[in-house]
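Okay, structure first, notes after.
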Amino acid sequence: MKSSPSPSQVARSTTKRPSVDEQTGLIMVDIPPDLITQLRYHSEPYTRHRIIVDVVGRERSSKEARILRDEVRESVLAKVMMADRDGGGRIALDANHEWRGAHWVLSVLADLNYREGDKGLIPLRDQVYEWLFSPAYEQEIRERYVNDLHRCHAAQEGNAIFYLLRLGLADERVDELVARLLAWQWPDGGWNSELKPKADASSILDTLWPMRGLTLHAQLTGSEVSRDAAQRAAEVLLERRLYKHPKDGKVIKSDFTALHYPCYWHYDILFGLKAMAEADRIDDERCSDALDLLESKQLPDGGFPSQGKYYRVGRDAGVGTNLINWGGTSCTKMNEHITAEALGVLKASGRLTAIGL
Numbered sequence: 025m026k027s028s029p030s031p032s033q034v035a036r037s038t039t040k041r042p043s044v045d046e047q048t049g050l051i052m053v054d055i056p057p058d059l060i061t062q063l064r065y066h067s068e069p070y071t072r073h074r075i076i077v078d079v080v081g082r083e084r085s086s087k088e089a090r091i092l093r094d095e096v097r098e099s100v101l102a103k104v105m106m107a108d109r110d111g112g113g114r115i116a117l118d119a120n121h122e123w124r125g126a127h128w129v130l131s132v133l134a135d136l137n138y139r140e141g142d143k144g145l146i147p148l149r150d151q152v153y154e155w156l157f158s159p160a161y162e163q164e165i166r167e168r169y170v171n172d173l174h175r176c177h178a179a180q181e182g183n184a185i186f187y188l189l190r191l192g193l194a195d196e197r198v199d200e201l202v203a204r205l206l207a208w209q210w211p212d213g214g215w216n217s218e219l220k221p222k223a224d225a226s227s228i229l230d231t232l233w234p235m236r237g238l239t240l241h242a243q244l245t246g247s248e249v250s251r252d253a254a255q256r257a258a259e260v261l262l263e264r265r266l267y268k269h270p271k272d273g274k275v276i277k278s279d280f281t282a283l284h285y286p287c288y289w290h291y292d293i294l295f296g297l298k299a300m301a302e303a304d305r306i307d308d309e310r311c312s313d314a315l316d317l318l319e320s321k322q323l324p325d326g327g328f329p330s331q332g333k334y335y336r337v338g339r340d341a342g343v344g345t346n347l348i349n350w351g352g353t354s355c356t357k358m359n360e361h362i363t364a365e366a367l368g369v370l371k372a373s374g375r376l377t378a379i380g381l
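Read in order, the letters of the sequence shown are residues 25 to 381 in my numbering.
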């Protein structure tokens, strides 16, 4: 007696075979037009913003995009994220507390395209500055200079630069954070917080956020110094094809090949590709393996799943807790955040077809 097919077999049999562009040789992704429509007119403004800017191609400065960022500010999700604030607008946790301290709240708000220039966020910004410019933090910086290399957690500065600029909260202290990254940059173009003296090569984890921060700083200020530093940093990821050891081509870490949202300080191929698109390097041939891998994860309905998570939902103040459920994990269910970001990356790479716009 013939057995019934498993759900995974059904999924494989119903997934469309990808097409190949005859001129470029790129594997193209066919997206059902109704999925684009579903996301473009989604109930949540942060999803609509990602689609109209990163997929449809509207400018961030367009009226439609600005209205959506105002709506993100008023969304239930944004309000829940800031529910820990006291009467003075501060959060009674360390700024770097995972994932509910001021640093991480601002980081995710920026990723959701929260409105720029909200003065209500200034107390959180000040908490971040107090942390990054505290005597204890500056002492740690001095202690992390080992074997003629700065081995600081540069992702913290890079992340702060990115969200302070994106949220319109930057002042002259952002320039000081930029100066730190430039001074700490390793000869190979990246950063590494590993204290072992033998460590002499940059890491993807420590390099991604500084690259993003410097890329945005260059775009908004015109700084050629920041731009050059960001492009050197991009080479660190590209030399590893975004997830492989440069010497033997083996996967650096299995988690790099799964899809997550939010990534926080962690890393995966989608986050790396997003950073490559921001740095205008997504068309580099060395992104192709990661793009192919991302495409292989497409579900039969055209969406993309969350294959792992770095948070747990809860109201306690334990490390790693979050008040938001970002969709959990599933091998068969589309995650709206990951799908919107994946479509944006694929559009930037020139691999998205049949988007029905």
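Even for Gly, the Cβ is constructed at its ideal location relative to N, Cα and C.
As the structure is a computational prediction, the values presented were derived from the model and not from experiment.
Residue i versus residue j - alpha carbon distance
i	j	result
Gly-141	Ser-312	37 Å
Asp-304	Phe-328	23 Å
Lys-357	Arg-90	30 Å
Phe-295	Leu-173	27 Å
Trp-123	Gly-342	9 Å
Leu-133	Arg-310	30 Å
Gly-125	Asp-252	32 Å
Lys-268	Val-275	4 Å
Arg-339	Val-104	11 Å
Asp-58	Val-369	19 Å
Met-106	Lys-271	44 Å
Gly-237	Arg-256	13 Å
Leu-347	Glu-365	22 Å
Lys-371	Gln-209	31 Å
Ser-86	Ile-75	14 Å
Pro-147	Val-129	12 Å
Arg-64	Glu-167	49 Å
Ile-60	Pro-211	43 Å
Same chain, Cβ closer than 6 Å to residue i, five either side skipped, listed in chain order
i	result
Ser-30	With a pLDDT of 36 at Ser-30, under the threshold of 50, the modelled position of that residue is not reliable, and the figure given next carries that caveat. Result list for Ser-30: empty, nothing under 6 Å.
Glu-360	Thr-71
Leu-367	Val-79
His-393	There is simply no residue 393 to check, as the chain begins at 25 and stops at 381 in what is shown.
Glu-68	none
Gly-351	Ser-330, Asn-359
Asp-230	Ala-178, Ala-179, Trp-215, Asn-216, Ser-217
Pro-286	Val-132
Residues near residue i by beta carbon distance below 7 Å, same chain, minus five either side
i	result
Glu-259	Gly-213
Val-170	Leu-219, Pro-221
Arg-84	Val-77
Leu-315	Leu-297, Ser-373, Arg-375
Closest by C-alpha distance to residue i, when choosing among the options
i	options	result
Leu-283	Asn-171, Glu-164, Thr-363	Thr-363
Gly-273	Ser-373, Asn-171, Arg-264	Arg-264
Pro-56	Pro-69, Asp-94, Leu-261, Pro-324	Pro-324
Glu-164	Asp-172, Leu-173, His-177, Asn-171	His-177
Glu-196	Asp-172, His-174, Asp-150	Asp-150
His-73	Glu-95, Asp-58, Leu-59	Glu-95
Pro-234	Lys-222, Leu-205, Pro-221, Leu-262	Leu-205
His-290	Ala-299, Phe-280, Lys-298, Leu-297	Phe-280
Leu-92	Leu-59, Leu-136, Arg-114, Gln-62	Leu-136
Leu-232	Ala-299, His-66, Pro-159	Ala-299
Leu-244	Gly-192, Lys-277, Lys-220	Gly-192
Lys-333	Tyr-288, Leu-63, Ile-293, Glu-319	Tyr-288
Spatial neighbours of residue i in its chain, beta-carbon cut-off 8 Å, leaving aside the 5 residues before and after
i	result
Leu-240	Ile-185, Phe-186, Leu-189, Arg-190, Glu-302
Ala-116	Asp-108, Asp-110
Gln-331	Ala-282, Leu-283, His-284, Lys-321, Thr-353, Cys-355
Tyr-161	Trp-155
Lys-26	With a pLDDT of 37 at Lys-26, under the threshold of 50, the modelled position of that residue is not reliable, and the figure given next carries that caveat. Around Lys-26: no qualifying Cβ.
Residue-chain proximity (residue i, chain C), Cβ-Cβ < 7 Å
i	result
Leu-219	The structure shown contains no chain C; it is built from a single protein chain.
Which ranges does the alpha helix (DSSP H) cover as unbroken runs of at least 4 residues, wholly within the segment 230-283, from first to last along the chain? 248-263
Within the chosen definition, does the segment 241-256 reach the segment 215-231 through at least 3 CB pairs nearer than 8 Å? no
Extract the residue ranges of the alpha helix (DSSP H) inside the segment 141-203, only unbroken runs of 4 or more that lie entirely within it. Given a length threshold of 4 residues, each whole run of the alpha helix (DSSP H) inside the segment 141-203 is given here in chain order: 146-156, 159-167, 178-190.
Whole alpha helix (DSSP H) elements within the segment 72-132, 4-residue minimum: 87-98, 100-105
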